[in-house]
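By numbering that gives the first Met the number 0, the letter at position 133 of the sequence shown is numbered 132, and the numbering carries on one by one without gaps. Right, one structure below, let's go through it.
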Amino acid sequence: MDPHPIENIMTTTMENIRDMVDVNTVIGDAITTQDGSTIIPISRVSFGFVAGGGEYSLADKPKAESQSTGGTPFAGGTGAGVTVQPVGFLVTNAGQVRLLPAQHYAPLDRIIEMLPQAMSDIKSAMCSCKEQKKDVSIPVQPEA
């Protein structure tokens, strides 16, 4: 038994969508810069799909003639839409990974994003100050 025409339409449309949307659309190909940094583009992909159809009787033809041609005529269609929106870029350099957003955020979002780097900088500064204090020696004057 042959599949219904709507099944053929849906299968063809879904195969085309699968070809358009793959993992390389969401996570792009890595790009290596001259300084050794690696940049990986990240995108958000969304898509919609609709299909429909119906079988229609022929009012002006007798039933015997429509049955001999294989049943009632079919009319159908499908549609699909795909949206690719850039989210940001993963940047790796010297053991450090950062996400650079592609869109502007509110100031609070920017502060939250920068907080880990600021904490790391503060920690490094505090450690280097402690080491400098340990190296400082007080000269002792001999008693005369």
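The beta-carbon is built from N, C-alpha and C at its ideal position, and this holds for glycine as well.
* Asked: Should residue 9 go down as buried or exposed, given a rule of 16 or more other Cβ atoms within 10 Å for buried?
  -> By the neighbour-count rule (16 or more Cβ atoms within 10 Å), residue 9 is buried.
* With a cut-off of 8 angstroms, do at least 3 Cβ pairs link the segment 72-90 to the segment 15-32? -> yes
* Asked: If we ignore side chains and look at the alpha-carbon of each, how far apart do residue 17 and residue 100 end up?
  -> Straight across, the Cα-Cα distance linking residue 17 with residue 100 is about 27 angstroms.
* To do: Output the distance between the C-alpha atoms of residue 95 and residue 48, rounded to the nearest integer angstrom.
  => 40 angstroms
* Hey, would you say residue 46 sits closer than 8 angstroms to residue 75, going by beta carbons? -> no
* **Range covered by the alpha helix (DSSP H) that runs through residue 32** => Looking at the DSSP string, residue 32 is not in any alpha helix (DSSP H), and its letter there is neither H nor E.
* Pick out whichever of 54, 23, 51 and 53 has its Cα sitting closest to the Cα of residue 42. => 23
* Three-state secondary structure (DSSP) of residue 116 -> Helix, per DSSP.
* Nearest to residue 56 by CA position, among 122, 116 and 72, is which residue? -> It is 72 whose Cα lies nearest to the Cα of residue 56.
* DSSP state of residue 45, grouped into three classes? -> strand
* Going by DSSP, which residues form a beta bridge with residue 37? -> Per DSSP, 31 and 91.
* **Environment of residue 7 [buried if 16+ CB atoms lie within 10 Å]** => Its Cβ having fewer than 16 others within 10 Å, residue 7 is exposed.
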